Amino acid sequence: MKTTNAKTMHPLLRKFGPLLGCIVFYVVIMLLRKADIINGYYMQVMLFAGVNVLMTASLNLVNGFTGQFCIGHAGFMSLGAYGAAVITTMVFKSNSIPEAAQIPVFLLGLLCGGIVAAIVGALIGIPSLKLKGDYLAIVTLAFGEIVRALLRLIQPIGGARGMIGIPNYANFFWIMLFVVLTLWLLRNLIYSSYGRAFIAIRDNEIAADAMGINTTKYKIMSFCIAAFIAGVAGGLYAHVLSFIQPDSFGFVKSADYLVYLYAGGSGSLTGSVVGAVLLTILPEVLRFLATWRLVLYAIILIAVMLYRSEGLIGGKEVPFLRIKRSSLYEQPLFGRKKNGLSEE
Amino acid sequence: MKKILRILCLALCVIMAVSVCACGPSEKKGSVETIKIGLAFPMSGMAAMAGKYSTHGADVLKEELGGKITVGDKEYPIEFVVMDTEGSEEKTANVYQKLIEEEKVIAIAGPDSSKCMLAAAPIAQNAKCPAITSFGTNTAVTEVGDYIFRACFIDPFQGAVAAAYCDGQGHKTACIMFNNADAYSVGLKDAFVENYNGEVLAIEEYSGSDVKDYNVQLTKLAAQNPDVLLLPNLNVELGLQIQQARTAGLNCQIVCGDSADTPDVAKVAGPAIEGVAYVSAFSAESTDEAAKKFVDAYVELHPDELPNSNAELTYEAVKMIVWAIQNAKTLDRAGVRDALAAIDGLDLPSGKMTMDPETRNPIKGGIIMQYDADGITRYVSTVNP
Amino acid sequence: MATILQYLVYGLQLGSVYALLALGYTMVYGIVGMINTAHGDFLMIGALGTYFIAKLFDSMSIDGTYPMLAVGCIILIATVMTGGIAVGVEAIAYRPLRNKPRMIALITAVGVSMFLTNFPRALPFIGPNPRPFPTLFTPKTFNVLGASITSTQIIMIVLAAVTMLALDRLVAKTKIGAQMRAVSMDKDAASLMGINIDKVISITFFIGGALAAVSGICYASVYPQVEVYMGSWLGNMSFVSAVLGGIGDIRGAMLGGFILGIAQIFATAINSTFGYAVGFIILIVILLVKPAGIMGKVTIEKV
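Encoded structure:
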C-alpha cells in the first residue's frame, strides 16, 4: 500500500500527470464524439454522471470527512439550479444576448447559484452546532422539504410548473472542468490544516474541541463549501436538462446521493467518483430488463453493501487524489464510537 | 489492497470498453429496414400506473398491426421500443437520447407528464425527431418547437370545458382543492378560475401525492357550501379525495379533469363515486366504430381492466404516428413530422381528429362524462366553450 | 371550537398512524442501532397483504363486511406474515452488517426498501395500481361537542397508546425485555452473558414488522387505498416522529407521532398553501429547543 510507484514517478509527471490525463481523456472523448462512436445518449449519461460526481463529492465533505449527517443535499442542489437558471434565463434573457457574452453569463449564473446555496448552507450549519447525528439529519431533511415546498409557490420562477427554456450551456467541457476543479480543490482542502480539522471533528468532536479546534467554525465551513459545490452542480444540472421543477429535488434524489456516497466508499474522493459514475450508469445498462430493472438494481446495491460494506473503494484513494499522508484514509469509518451506541 | 484497486480499475476499463463497443457502429441495416417507434413511459415510480395503462394502450395497436406496416406498396416490419422513464425528467431525457441516437426510432410517443416532456422535448427538437406527448397538457410543451405534438387537450381548454359545464349546469358557486406541487393540477385550476362565470368561494391546496389526508381542506370547503367542487388532480389521489369529500359533508356536484377517467378511481372511491363528472375526449360507451373497436381489443388483451384516459391517449398518439408513417412523403423523421402536422379527420376512438398545424395541438371536442352508482361512466354532454 | 376539536381529531388520526409506525422504528433503532428505512415498506406489505388475504376470505363476507372471526384471522395472518418478512430481511440483509458502521446498514436498508416496492410493482398480478382497501370494521360515527369521531379513529388512537404502554412494559419488565436492553447496551457483553443476540434481534424485528403491519391496516382503514408506494413517505414521517420524540425512546416515539400529526393538520388548517412547509418548520424549531428530541436525554460523552 506504500506509494512506491508514486515515488518512482518523475516529480513533474507526478505534478502534472493527472492534469495531462484529464486533457487526454477529454480529447479522446471529443474525438470519439466527432467520429460518432460515442453518441448523444452516452454523452448525456456522462454529463449526468459528472453532475452526480460533484454532488457526491460535496456530500462526502460533510458526511464522509466532517462526520455530520446530511440527508437533504438535493435541497442545496435545487437552490443552485434555480439561482443559476434565474440569472441565465431571466436576468439576462438567454436568447437575446450575444454569443460572446454567453459564457460569462453562464459562469456568473453558476457562481450566483453556488453563493445562494452556500448562504443557506451556512444557515443549516448553525443547527449542526447543537444537534448531532440523526437529529441533524432530520433537520436537513426538513430543510430539503421546506425549500421544495417554497419553490413550488414562487410563481415568477414557474412554481410547480417548473422553469422552462434554460439555455443548454453546460456541455462536456464545462462539466469536466468543474469535476476536475472540484476534486482538485477538495483534495487540497482535505490535506490542508482545514481538512485535518474536519477529520478530527469526524473522529471525535470533543477531542477535537479539546485540542483547540474551533469546531463551530469548521462545521459551518464544511456545510458552506459543500453547499456551494452542490449549488454549482445544480446550476450545471439545470443547464444540461434545460428544464427544472421543484419536485425533482426531493428526498429521493438526496437518498440517491447518499447511496452513491456510501456505495462508493465514504471518506474517499475516489470512492465518490466511482460510486457516482457506476451507479449512474448501472440503471441505464439494466434497461433491457424493462419492468424488472429497478428490482435488479436494488439487489445489486444490497449485494455490494453486503460483500464490500466499506464501499467499492473503501477509503482508498488513487495516487493523484492522495498526497503524502495516506494514513488519513486508512480507517475512515471503522473503529469509532457513535452516539453512545454499542459498536465496535 | 493494491491488487483490489488494480482489479477494480481493470473492471472499469472493461466496462467502458464494452459500452463504447456496444454503442459503436451498431448493426448495419439489413435488406428491409425495421421501422421503430419509441415509447417513453414511467413503468416504475409514483406514476407507474399511468405507464402501465399507456403501454397497454399501445399493445392494442401493436396487436392490430401484427408486427408489420404497409407504406405505399412495401411492407416493413415495425417494432415498438418501450423504455422506462421512472417519471423523472432526468431519466426521460436519457430515454429520449437513447431512443433517438441508439434505437434510431422514427418517432416517439410519450411520456405522459408535462414535466418530463418539457425536459425531453428540446432533445427531440434538436435531433429533429417527431415526438407526441400523450398526456402533457401544459401549453408550453408544444411551444418548444415544430417537432413536438400532443394527443391530449391543453390545460386552458380543459379548464374552460369544466367551467362552461359548471356554468351550463347553473352552478353559481364553486370551491377548488388542488395539488400545488403538480403542474397539471395547477394548470387546470388556473384555467377554471379564469373561465368560470360563477363565484369561486374558496381554494384549498395540498402538496404532493404522498400526503393522503385531505380532511382539513375538505372540511373547510364544506363550510362554504358550494354548488360544485372542482378536483383537478391526479388519478392516484382522486379516489380518496372523492371519498373524503363525501364524508366531510360536501354533497355537491364534483367535477374533475380527464385524469378521473381511470377505473381505479371509481374502485377506490366506492359508492362515493356516484355523480362525479369529468372532462374527457373519449367515451367508452361511444357507439362510434373506432371507439368500440379499441375498447373491445383492449379488453381482449387485458381481460382484467378497462382502458383509461392514459391508455386511450397513448393509443391515439401511436396511431397518429403510424398514420403519419404511412402517409409521409419521405419515410424519415422530417416526412413523418410533416404528415403529423397535416393530420385531418383521422378516425380515432375519440372521434375524427385534426391536428392544428400551427400549434401542433389536436382539435378535439370536449365531452363531459359522469360516473353512475356502479362506477360505470356515462356520457353527459358535449361542451365546446 | 367544534372545528378546532374536529381538526384535533384529524390530527390524532394522522398522528396515531405515525405513532404506531414510529414505535416499531424506534424499537429497532434502540435495540439494533440501525435506521431501517425499509420500515415504511413493511407497512405497505402489511396493508397490501391484508388486501390479498381478505380476497381469500371473500366467500365469508356479507355485503363487503366480514364476520369478526374472519377479520381477526385476516389481521393475524397479515401481521405474522409481515413480521416474518421483517425477520427474513434482517437475516439476509442486515445481520451480516451488524458490526459495521450504521451508515452501511442504512444504505442497505435503502436497497431493501427499493426492492420491497419494486418487486411487487413488477409482479404482474400486483402491479402499480391503487386498490380499494376492504372494510374490515364498519365505522360508527359519534358526536362529541360538535366534532364527529368514528369508532375506527378511536380504535387507532387507543391502539397507539396501548401498544406504547405494552412495549414499554415489555422492555422494562419481561425477561426478553431485559435481554433487549442488554443487547442495546453492549452486544458483546450481552453475548458473554449467554444471551442469544440473533434471537433477540429477530424478535425485535418481528415485533417491528408486526407493528408496521398493524399500522398499515389502521392507515388503510381510514385512508382506504393501498398501493406499492404508500410506505415510503410514511416511513420517512415515522422516522421524523421517532427522532422528534427522541430516537430509541418508546414513549417519545408515540408523543412525536402525535405532535407531528397534529402540527401538520393545524398548519394546513391555518393556511393550506404553506401548511406543508410549516409542518417542517415546527419540527426544526422543536429540535432546536430540544436538541435530543422531546423525551431524549442529552447523553454526556466521555473521551
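If you read the sequences in order, they're chains A, B and C. Numbering follows our numbering, with no gaps: position 314 of the first sequence is 315. Numbering follows our numbering, with no gaps: position 265 of the second sequence is 297. Numbering follows our numbering, with no gaps: position 87 of the third sequence is 88. We treat Cβ as the ideally placed atom computed from N, Cα and C, and that holds for glycine. Predicted, not measured: the structure shown is a model, and the values here were computed from it.
Contacts of residue i in chain A (Cβ-Cβ under 8 Å)
{"i": "serine 76 (chain B)", "result": "Thr292, Arg294, Leu295"}
{"i": "proline 131 (chain C)", "result": "Within chain A, no residue comes near proline 131 (chain C); the closest Cβ sits about 18 Å away, beyond 8 Å."}
Other residues of its chain near residue i: CB distance less than 6 Å, five sequence neighbours each side excluded
{"i": "methionine 157 (chain C)", "result": "Ser17, Cys219"}
{"i": "alanine 309 (chain B)", "result": "Val287, Ile400, Gln402"}
Neighbour flag for residue i against chain B, beta carbons, 8 Å
{"i": "tyrosine 230 (chain C)", "result": "yes"}
{"i": "tyrosine 224 (chain C)", "result": "yes"}
{"i": "arginine 162 (chain A)", "result": "yes"}
{"i": "tyrosine 42 (chain A)", "result": "yes"}
{"i": "leucine 284 (chain C)", "result": "no"}
{"i": "alanine 304 (chain A)", "result": "no"}
{"i": "serine 267 (chain A)", "result": "no"}
Coarse secondary structure for residue i, derived from DSSP in three states
{"i": "proline 335 (chain B)", "result": "coil"}
{"i": "glutamate 121 (chain B)", "result": "helix"}
{"i": "asparagine 126 (chain B)", "result": "helix"}
{"i": "asparagine 144 (chain C)", "result": "strand"}
{"i": "valine 113 (chain B)", "result": "strand"}
{"i": "proline 162 (chain B)", "result": "coil"}
{"i": "arginine 365 (chain B)", "result": "helix"}
{"i": "aspartate 370 (chain B)", "result": "helix"}
{"i": "glutamine 402 (chain B)", "result": "strand"}
{"i": "serine 413 (chain B)", "result": "strand"}
Cβ of residue i within 8 Å of any chain A Cβ
{"i": "leucine 270 (chain B)", "result": "no"}
{"i": "lysine 200 (chain C)", "result": "no"}
{"i": "alanine 94 (chain C)", "result": "yes"}
{"i": "methionine 209 (chain B)", "result": "no"}
{"i": "alanine 1 (chain C)", "result": "As displayed, chain C neither begins before 2 nor continues past 304, which places residue 1 (chain C) out of reach and without an answer."}
{"i": "alanine 215 (chain B)", "result": "yes"}
{"i": "serine 413 (chain B)", "result": "no"}
Own chain, CB closer than 7 Å to residue i, minus 5 neighbours either side, in chain order
{"i": "isoleucine 30 (chain A)", "result": "Ile39, Phe173"}
{"i": "glycine 126 (chain A)", "result": "Lys220, Ile221, Phe224, Cys225"}
{"i": "alanine 298 (chain B)", "result": "Ile305, Tyr403, Gly407"}
Residues that residue i contacts on chain C, provided the C-beta gap is smaller than 7 Å
{"i": "lysine 131 (chain A)", "result": "Leu289, Pro292"}
{"i": "tyrosine 263 (chain A)", "result": "Met104, Ile105, Ile108"}
{"i": "alanine 80 (chain B)", "result": "Arg122, Pro129"}
Contact with chain C by residue i, beta-carbon distance below 8 Å
{"i": "methionine 385 (chain B)", "result": "no"}
{"i": "lysine 60 (chain B)", "result": "Low confidence applies here, because lysine 60 (chain B) scores a pLDDT of 42, under 50, leaving its location unreliable; read the following figure in that light. Judged by the 8 Å Cβ criterion, lysine 60 (chain B) is not in contact with chain C."}
{"i": "proline 128 (chain A)", "result": "yes"}
{"i": "cysteine 53 (chain B)", "result": "Note on cysteine 53 (chain B): pLDDT 43, under 50, position unreliable in the model; no value is reported."}
{"i": "asparagine 212 (chain B)", "result": "yes"}
{"i": "glutamate 100 (chain A)", "result": "no"}
{"i": "aspartate 248 (chain A)", "result": "no"}
{"i": "aspartate 404 (chain B)", "result": "no"}
Nearest-angstrom Cβ-Cβ length linking residue i and residue j, presumed shorter than 8 Å
{"i": "isoleucine 202 (chain C)", "j": "isoleucine 32 (chain C)", "result": "7 Å"}
{"i": "phenylalanine 104 (chain B)", "j": "glycine 77 (chain B)", "result": "Before going on, a small fix: residue 104 (chain B) reads as glycine here, not phenylalanine. At roughly 41 Å, the Cβ-Cβ gap does not stay under 8 Å, so glycine 104 (chain B) and glycine 77 (chain B) are not in contact."}
{"i": "tyrosine 136 (chain A)", "j": "leucine 288 (chain C)", "result": "6 Å"}
{"i": "glycine 4 (chain B)", "j": "glutamine 226 (chain C)", "result": "Limits of chain B in this structure are 33 at one end and 417 at the other, which puts residue 4 (chain B) out of reach."}
{"i": "valine 233 (chain A)", "j": "glycine 81 (chain A)", "result": "6 Å"}
{"i": "isoleucine 164 (chain B)", "j": "alanine 183 (chain B)", "result": "6 Å"}
{"i": "glutamine 357 (chain C)", "j": "valine 223 (chain C)", "result": "Any property of residue 357 (chain C) remains undetermined from this structure, which presents chain C solely from 2 to 304."}
Proximal residues of chain C, C-beta to C-beta of residue i below 9 Å
{"i": "tyrosine 238 (chain B)", "result": "Thr269, Ser273, Gly276, Tyr277"}
{"i": "lysine 84 (chain B)", "result": "Gly128, Pro129, Asn130"}
Per-residue contacts from residue i into chain B (C-beta, under 9 Å)
{"i": "isoleucine 266 (chain C)", "result": "Asp245, Asn247, Val248"}
{"i": "asparagine 1 (chain C)", "result": "Residue numbering for chain C in the displayed model covers 2 to 304; residue 1 (chain C) lies beyond these limits and cannot be assessed."}
{"i": "tyrosine 11 (chain C)", "result": "Asp245, Asn247, Val248, Thr251"}
Interface residues of chain B facing residue i [CB-CB closer than 8 Å]
{"i": "tyrosine 8 (chain C)", "result": "Val248, Thr251"}
Where residue i meets chain A, residues with beta-carbon distance less than 7 Å
{"i": "leucine 150 (chain B)", "result": "Gly163, Ile165, Phe244"}
{"i": "leucine 24 (chain C)", "result": "Going along chain A, no residue has its Cβ under 7 Å from leucine 24 (chain C), so there is no contact; the nearest lies around 16 Å."}
Chain C residues whose Cβ lies nearer than 8 Å to that of residue i
{"i": "asparagine 283 (chain B)", "result": "Residues of chain C passing the Cβ test: none, with the nearest at roughly 15 Å."}
{"i": "valine 300 (chain B)", "result": "Pro131, Arg132, Pro133, Pro225, Gln226"}
Under 9 Å by beta carbon: chain A residues contacting residue i
{"i": "glutamine 129 (chain B)", "result": "Asn40, Gly41, Tyr42, Tyr43, Met44, Gln45, Val46"}
Neighbourhood of residue i by C-beta, 8 Å cutoff - its chain only, sequence neighbours within 5 removed
{"i": "leucine 270 (chain A)", "result": "Ala58, Asn61, Leu184, Leu187, Arg188, Ile191, Glu318, Leu322"}
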